[in-house]
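Asker: So the protein lines, in turn, are chains V and U.
Counting from 1, one number per residue, gives the positions in the first sequence under the working numbering.
Counting from 1, one number per residue, gives the positions in the second sequence under the working numbering.
Quick reminder that beta carbons are idealized off the backbone N, C-alpha and C, glycines included.
Protein chains: 2
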Amino acid sequence: MSKVPKPVSGFPEWLPEARRVELQWIDIMRRTFESYGYASIEPASVEEVSVIQAKGDDADKEIYALRRLSGEQTADEPRLALHFDLTVPMARYVAQNFSALQFPFKRFQLQKAWRGERPQEGRYREFTQADIDVIDQGSVSFHFDAEMPRIVHKILHTIGIDNVHTNVNNRKIIQGYYEGLGIADPMKAIQIIDKIDKIGPSGVQQMLMSQMGLTEDVAQKCLQLAQIRSEDTGFIDQIRALGVSSALLDQGIEELKYVMDRLSDLPKGSVIANMSIARGLNYYTGTVYEGKLGDYPDFPTIFAGGRYENLVGTYLNRSLPGVGISIGLTRIFGKLLKEGRIKLGEKSPTHVVIINTPESDQNELMRKAELMRKNSVNVEVFHEPETKTSNQIRYATRKGIPYIMFASEGADEIKNLETGEQTAVDVASWQPDRHNTYQSRIEPSQRCSVLPLAVPGPK
Amino acid sequence: MSKVPKPVSGFPEWLPEARRVELQWIDIMRRTFESYGYASIEPASVEEVSVIQAKGDDADKEIYALRRLSGEQTADEPRLALHFDLTVPMARYVAQNFSALQFPFKRFQLQKAWRGERPQEGRYREFTQADIDVIDQGSVSFHFDAEMPRIVHKILHTIGIDNVHTNVNNRKIIQGYYEGLGIADPMKAIQIIDKIDKIGPSGVQQMLMSQMGLTEDVAQKCLQLAQIRSEDTGFIDQIRALGVSSALLDQGIEELKYVMDRLSDLPKGSVIANMSIARGLNYYTGTVYEGKLGDYPDFPTIFAGGRYENLVGTYLNRSLPGVGISIGLTRIFGKLLKEGRIKLGEKSPTHVVIINTPESDQNELMRKAELMRKNSVNVEVFHEPETKTSNQIRYATRKGIPYIMFASEGADEIKNLETGEQTAVDVASWQPDRHNTYQSRIEPSQRCSVLPLAVPGPK
Numbered sequence: 001m002s003k004v005p006k007p008v009s010g011f012p013e014w015l016p017e018a019r020r021v022e023l024q025w026i027d028i029m030r031r032t033f034e035s036y037g038y039a040s041i042e043p044a045s046v047e048e049v050s051v052i053q054a055k056g057d058d059a060d061k062e063i064y065a066l067r068r069l070s071g072e073q074t075a076d077e078p079r080l081a082l083h084f085d086l087t088v089p090m091a092r093y094v095a096q097n098f099s100a101l102q103f104p105f106k107r108f109q110l111q112k113a114w115r116g117e118r119p120q121e122g123r124y125r126e127f128t129q130a131d132i133d134v135i136d137q138g139s140v141s142f143h144f145d146a147e148m149p150r151i152v153h154k155i156l157h158t159i160g161i162d163n164v165h166t167n168v169n170n171r172k173i174i175q176g177y178y179e180g181l182g183i184a185d186p187m188k189a190i191q192i193i194d195k196i197d198k199i200g201p202s203g204v205q206q207m208l209m210s211q212m213g214l215t216e217d218v219a220q221k222c223l224q225l226a227q228i229r230s231e232d233t234g235f236i237d238q239i240r241a242l243g244v245s246s247a248l249l250d251q252g253i254e255e256l257k258y259v260m261d262r263l264s265d266l267p268k269g270s271v272i273a274n275m276s277i278a279r280g281l282n283y284y285t286g287t288v289y290e291g292k293l294g295d296y297p298d299f300p301t302i303f304a305g306g307r308y309e310n311l312v313g314t315y316l317n318r319s320l321p322g323v324g325i326s327i328g329l330t331r332i333f334g335k336l337l338k339e340g341r342i343k344l345g346e347k348s349p350t351h352v353v354i355i356n357t358p359e360s361d362q363n364e365l366m367r368k369a370e371l372m373r374k375n376s377v378n379v380e381v382f383h384e385p386e387t388k389t390s391n392q393i394r395y396a397t398r399k400g401i402p403y404i405m406f407a408s409e410g411a412d413e414i415k416n417l418e419t420g421e422q423t424a425v426d427v428a429s430w431q432p433d434r435h436n437t438y439q440s441r442i443e444p445s446q447r448c449s450v451l452p453l454a455v456p457g458p459k
Numbered sequence: 001m002s003k004v005p006k007p008v009s010g011f012p013e014w015l016p017e018a019r020r021v022e023l024q025w026i027d028i029m030r031r032t033f034e035s036y037g038y039a040s041i042e043p044a045s046v047e048e049v050s051v052i053q054a055k056g057d058d059a060d061k062e063i064y065a066l067r068r069l070s071g072e073q074t075a076d077e078p079r080l081a082l083h084f085d086l087t088v089p090m091a092r093y094v095a096q097n098f099s100a101l102q103f104p105f106k107r108f109q110l111q112k113a114w115r116g117e118r119p120q121e122g123r124y125r126e127f128t129q130a131d132i133d134v135i136d137q138g139s140v141s142f143h144f145d146a147e148m149p150r151i152v153h154k155i156l157h158t159i160g161i162d163n164v165h166t167n168v169n170n171r172k173i174i175q176g177y178y179e180g181l182g183i184a185d186p187m188k189a190i191q192i193i194d195k196i197d198k199i200g201p202s203g204v205q206q207m208l209m210s211q212m213g214l215t216e217d218v219a220q221k222c223l224q225l226a227q228i229r230s231e232d233t234g235f236i237d238q239i240r241a242l243g244v245s246s247a248l249l250d251q252g253i254e255e256l257k258y259v260m261d262r263l264s265d266l267p268k269g270s271v272i273a274n275m276s277i278a279r280g281l282n283y284y285t286g287t288v289y290e291g292k293l294g295d296y297p298d299f300p301t302i303f304a305g306g307r308y309e310n311l312v313g314t315y316l317n318r319s320l321p322g323v324g325i326s327i328g329l330t331r332i333f334g335k336l337l338k339e340g341r342i343k344l345g346e347k348s349p350t351h352v353v354i355i356n357t358p359e360s361d362q363n364e365l366m367r368k369a370e371l372m373r374k375n376s377v378n379v380e381v382f383h384e385p386e387t388k389t390s391n392q393i394r395y396a397t398r399k400g401i402p403y404i405m406f407a408s409e410g411a412d413e414i415k416n417l418e419t420g421e422q423t424a425v426d427v428a429s430w431q432p433d434r435h436n437t438y439q440s441r442i443e444p445s446q447r448c449s450v451l452p453l454a455v456p457g458p459k
């Protein structure tokens with residue numbers, strides 16, 4: 001028995017009934033991305049190490065490099081590694097295929113990424129991300145800064161996740177404000193402010209003073225900005241009240257106002273202008289996003305992104321700005337599964353099992369099954385005519401298959417295993433009750449793959 | 001310009017218009033697998049090296065091992081590697097989740113695999129496989145030996161690939177026949193016979209004589225078996241005519257006869273009983289399959305598989321036989337793309353672009369777009385009201401988007417960019433002409449993602 005290999009920690013695997021839900025989530029994501037005109041691309045899982053590391057930010061600590069187990073490593077062979085996100089590969093792909101792409105280039109990627117970090121809640125070594133980005137030449141329309149969180153909101157709502165907080169900010173507000181305060185190294189200050197959740201406001205203030213030589217007054221002013229939140233454009237008056245000004249700050253306010261205005265139809269409280277959001281990555285230059293599960297405030301960010309001016313164009317000496325969001329599919333799915341909030345469906349996609357007997361005309365059963373498959377009904381002819389009918393029914397029940405069929409010439413009958421109801425049917429036109437099969441239960445209009453919190457979550 | 005990283009050879013990437021077709025192939029595969037009751041699983045991409053190597057067959061030469069680029073390697077950290085096929089991970093997954101699964105366990109996997117081999121035509125370092133397997137306790141019904149090639153045939157037909165040769169054999173025939181000839185090491189003889197395509201019949205005969213000490217007569221008898229082909233159960237008489245017999249041979253003939261009989265409704269010539277097929281892997285014990293593209297006879301096998309008794313159960317000291325087929329999705333797609341036989345569709349999933357102007361009520365355009373998305377219409381509101389209408393139309397044309405819409409209160413009009421026809425529409429109910437959008441063009445009934453050979457292929 002001890003010969004069964006143990007699961008490798010950090011590489012999640014689901015049972016078939018959970019995988020079915022994950023696939024439906026993926027379907028919803030793809031369908032929603034496509035409904036807004038985003039096209040799928042799937043760059044290789046592997047990049048040259050030098051390409052991945054160009055992103056900087058100590059990301060290399062987590063990168064899985066590849067080495068052939070027994071083959072000779074040739075000198076000219078580039079060093080290869082698994083990608084750790086989908087943004088860097090997209091930037092390289094766009095640069096490489098620049099002349100073949102049409103701009104604005106709107107793409108989505110639903111793909112795995114790998115990080116060699118120590119697994120902990122919400123962190124996996126292998127995980128699926130769902131990314132959307134728009135890249136354009138010269139400038140990218142602010143239309144997309146508002147569209148991104150709208151699409152993410154719609155996806156999560158369709159899945160059944162509504163208590164989501166989308167925090168939005170603009171790097172220009174922070175940088176412009178710091179400039180207005182006369183801070184020489186705004187980037188450094190941003191990185192310190194970013195620790196506010198970990199070390200608290202007074203810790204941040206101390207760091208700003210000791211590490212950057214700011215006066216207590218200026219450090220306080222920094223903190224005051226970071227504490228501004230509004231569910232509408234109220235953030236503007238709050239910033240103005242702090243009495244700091246600069247041209248860059250004005251521009252940032254204008255941009256964030258546009259995004260908040262365009263999203264004002266979303267449910268109250270789901271979009272928050274939050275001046276503490278900076279995003280660690282230094283390539284963001286404007287709008288930044290960070291999403292949290294409202295039910296689990298201590299759980300890590302479930303989606304994040306922003307606007308960047310120089311990520312793609314650097315390869316080509318061109319201006320190719322972009323804006324994008326990455327959703328942590330595995331992170332969200334793993335958390336809700338662990339919390340018992342994924343409504344698990346059948347263990348099989350089959351709608352109906354055709355009961356088989358030694359007297360059955362096998363070709364006739366197969367023909368009927370094919371007829372039903374033409375109408376998108378998923379059908380199994382039971383694989384062993386010798387098996388007792390009661391055991392064939394038990395097989396269907398154990399897999400959660402909702403219907404069985406008794407086939408006989410001119411008098412086919414289908415039995416609903418949940419209600420026990422049995423009726424004569426025309427196999428050429430029969431359809432399963434769409435409320436009785438999992439696949440239909442998660443249609444967008446139904447949205448019940450995620451159960452509501454049984455106990456109200458912490459606030 | 002030289003800053004653009006080069007593509008890494010063996011890691012294929014497609015442009016959006018090709019990726020759209022690949023996604024449709026994946027949809028067809030998934031839908032077909034599900035229509036026969038196969039459930040998706042997705043084991044991790046990574047296994048412990050010892051698990052992968054247990055399969056033997058020098059496979060380790062091609063395995064990509066993982067190593068964190070900068071992290072310290074800890075002593076207790078298992079050595080990890082990317083899987084090189086989907087069968088070994090499935091076996092490990094079934095063993096690990098044995099008590100949670102229902103048998104017969106029918107699963108499919110549509111997933112990537114990696115091999116560190118030198119890229120050449122049909123061989124990639126990263127590729128997608130589409131696998132189906134059935135695993136059962138004690139014994140697995142022969143129903144599935146016939147179902148596997150039927151499903152693969154249906155998938156390829158739906159995609160538009162009809163000239164496919166499915167070669168079927170049974171290991172018991174070869175082993176039983178060799179036993180009947182008194183050959184001590186049938187496995188060794190199988191491996192030599194397997195080289196018949198490479199070194200020809202006389203080369204094989206020489207090897208059988210020199211390496212196994214067979215007489216010329218016995219070696220000839222081996223070759224005679226390997227040369228038997230039939231498109232029906234005619235292979236039986238041909239084997240009997242060779243005058244060799246054994247109980248195992250009889251059993252193999254019986255099993256292969258069952259499969260050929262059950263597939264007799266498939267188009268003539270698409271299924272071939274072929275006594276030269278052995279499959280190199282030593283875990284096959286009964287039925288074996290090997291598929292070829294009829295138009296490209298020198299191109300490698302496009303799908304392969306068979307029946308195995310001991311792959312899964314070894315972990316558990318149980319009998320868990322299975323039967324399965326693996327389709328080389330990337331191999332087939334890459335070949336047909338290279339041959340210019342993939343009908344490329346639009347560069348975008350969008351059906352209609354709503355023309356935007358400085359006078360447009362932005363909220364109203366957004367509302368109309370959402371209304372259309374509810375009916376599964378993919379819509380973009382053009383992202384820049386300031387852009388000239390002619391340039392907005394050019395954007396749609398360049399991406400291959402089939403429709404544009406002029407929105408105005410109570411009088412929305414949609415223009416078909418291909419025919420030039422413009423008509424008043426009700427946005428709440430409008431649907432694109434399903435023959436005018438790529439997504440519908442590949443509906444199973446239409447099957448036109450693959451073009452017929454312009455020039456008849458070699459025979």
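Which of the three DSSP states is assigned to V/ILE151 in this structure?
Answerer: In this structure, V/ILE151 counts as helix in the three-state DSSP scheme.
Asker: Is there a Cβ from chain U that is less than 7 Å from the Cβ of V/ALA396?
Answerer: False, the Cβ-Cβ gap to chain U never drops below 7 Å.
Asker: Of the choices U/GLN111, U/HIS383 and U/THR314, whose alpha-carbon is the least far from that of V/PRO104?
Answerer: Nearest C-alpha to V/PRO104: U/HIS383.
Asker: For a minimum of 4 consecutive residues, which ranges assigned as the alpha helix (DSSP H) are wholly contained in the stretch 344 to 409 of chain V?
Answerer: Correct list: 362 to 374 and 389 to 398.
Asker: Which of the three DSSP states is assigned to V/VAL8 in this structure?
Answerer: Residue state, collapsed to three classes: coil.
Asker: Would you say V/ARG171 and V/THR301 are within 7 Å of each other, going by their C-beta atoms?
Answerer: Cβ atoms of V/ARG171 and V/THR301: not closer than 7 Å.
Asker: Whose C-beta lies closer than 7 Å to the C-beta of V/ASN378 among residues of the same chain, with five residues either side of it excluded?
Answerer: The answer, listed in chain order, is PRO349, THR350 and HIS351.
Asker: I'd like to check one pair, U/LEU329 with U/THR128: are the Cβ atoms closer than 7 Å?
Answerer: Yes, these two residues count as a Cβ contact at 7 Å.
Asker: Please go through the same chain and pick out, in chain order, the residues whose beta-carbon is closer than 8 Å to the beta-carbon of V/LEU181, but skip the five residues on each side of it.
Answerer: Cβ within range, chain order: VAL218, LYS221, CYS222 and VAL244.
Asker: If we ignore side chains and look at the alpha-carbon of each, how far apart do U/PRO385 and U/GLU370 end up?
Answerer: Looking at the two C-alpha atoms, the distance is approximately 18 Å.
Asker: In chain U, which residues lie with their C-beta within 8 Å of the C-beta of V/LYS399?
Answerer: Per Cβ cutoff of 8 Å: GLN102.
Asker: Fully enclosed by the stretch 206 to 272 of chain V, which alpha helix (DSSP H) runs are 4 residues long or longer?
Answerer: You should have 216 to 226, 235 to 240 and 247 to 262.
Asker: Should U/SER230 and U/ALA278 be called a contact, given that it needs their Cβ atoms to be closer than 7 Å?
Answerer: Cβ atoms of U/SER230 and U/ALA278: not closer than 7 Å.
Asker: Are the C-beta of U/VAL51 and some C-beta of chain V separated by less than 7 Å?
Answerer: Judged by the 7 Å Cβ criterion, U/VAL51 is in contact with chain V.
Asker: At which residues does the beta strand (DSSP E) containing U/TYR308 begin and terminate?
Answerer: Note, U/TYR308: beta strand (DSSP E), 303 to 308.
Asker: If we call anything under 7 Å between Cβ atoms a contact, is V/PHE303 one with V/VAL152?
Answerer: Cβ distance < 7 Å, so V/PHE303 and V/VAL152 count as in contact.
Asker: Do the stretch 322 to 341 of chain V and the stretch 142 to 150 of chain V make contact, defined as three or more Cβ pairs closer than 8 Å?
Answerer: Judged by Cβ distances under 8 Å, the stretch 322 to 341 of chain V makes contact with the stretch 142 to 150 of chain V, as three or more pairs qualify.
Asker: DSSP three-state call for U/VAL204: helix, strand or coil?
Answerer: Helix, per DSSP.
Asker: Determine, for U/GLY116, whether the minimum Cβ-Cβ distance to residues of chain V falls below 7 Å.
Answerer: It does: the Cβ of U/GLY116 has a partner Cβ on chain V nearer than 7 Å.
Asker: Tell me, please, which residues DSSP counts as bridged to V/LEU110.
Answerer: Bridge partners of V/LEU110: V/ALA130.
Asker: For V/ALA113, collect the residues of the same chain with a Cβ closer than 7 Å to its Cβ; drop the 5 residues on either side in sequence, then sort them by chain order.
Answerer: For V/ALA113, where only same-chain residues beyond five positions count, the Cβ hits under 7 Å are HIS83, PHE84, ASP85, LEU86, PHE127 and GLN129.
Asker: Could you give the distance in angstroms between the alpha-carbon of U/GLU47 and the alpha-carbon of V/ILE132?
Answerer: Straight-line Cα distance between these residues: approximately 30 Å.
Asker: Under a Cβ-count criterion, where at least 16 other Cβ atoms within 10 Å of its own Cβ denotes burial, should U/SER40 be classed as buried or exposed?
Answerer: With 16 or more other Cβ atoms within 10 Å, it is buried.
Asker: Look at the Cβ atom of V/PRO16, then the Cβ atom of V/LYS347, and state whether they are nearer than 7 Å.
Answerer: In this structure, V/LYS347 lies closer than 7 Å to V/PRO16 by Cβ.
Asker: Short of 7 Å Cβ to Cβ, which residues in the stretch 127 to 142 of chain V face chain U?
Answerer: Per Cβ criterion, the list reads SER141.
Asker: Look at the alpha carbon of U/ARG398 and the alpha carbon of V/GLN102, and state the distance between them as a whole number of angstroms.
Answerer: Taking the straight line from one Cα to the other gives about 7 Å.
Asker: Using a C-beta cutoff of 7 Å, does V/HIS83 count as contacting chain U?
Answerer: No, its Cβ sits nowhere closer than 7 Å to a Cβ of chain U.
Asker: Taking the alpha carbon of V/THR166 as the point to measure from, which residue in V/ARG262, V/TYR289, V/GLY138 and V/LEU225 has its own alpha carbon closest?
Answerer: Answer by Cα proximity: V/TYR289.
Asker: When the Cα of V/GLY37 is compared with those of U/TYR395, U/ALA407 and U/LEU417, which residue comes out closest?
Answerer: Answer by Cα proximity: U/TYR395.
Asker: Just to confirm, is the Cβ distance from V/ALA407 to V/LYS343 under 7 Å?
Answerer: No; because the gap between Cβ atoms is not below 7 Å, this pair is not in contact.
Asker: Whole angstroms is fine: what's the gap from U/GLN392's alpha carbon to U/ILE354's?
Answerer: Between U/GLN392 and U/ILE354, the C-alpha separation is close to 9 Å.
Asker: To the nearest angstrom, how far is the alpha carbon of V/ILE460 from that of V/GLU339?
Answerer: Because residue 460 of chain V is not part of the residues shown, which for chain V are 1 to 459, the question remains open.
Asker: With U/SER270 and U/VAL164 assumed to form a contact (beta carbons below 8 Å), what rounded beta-carbon distance in angstroms separates them?
Answerer: Going by Cβ atoms, the distance from U/SER270 to U/VAL164 rounds to 6 Å, so yes, they are a contact pair.
Asker: Quick one: Cα of U/THR215 to Cα of V/PRO89, how far?
Answerer: In a straight line, the C-alpha of U/THR215 is about 60 Å away from that of V/PRO89.
Asker: By the criterion of Cβ-Cβ separation under 9 Å, what are the contact partners of V/GLN96 in chain U?
Answerer: In chain order: VAL4, PRO5, LYS6, PRO7 and GLU13.
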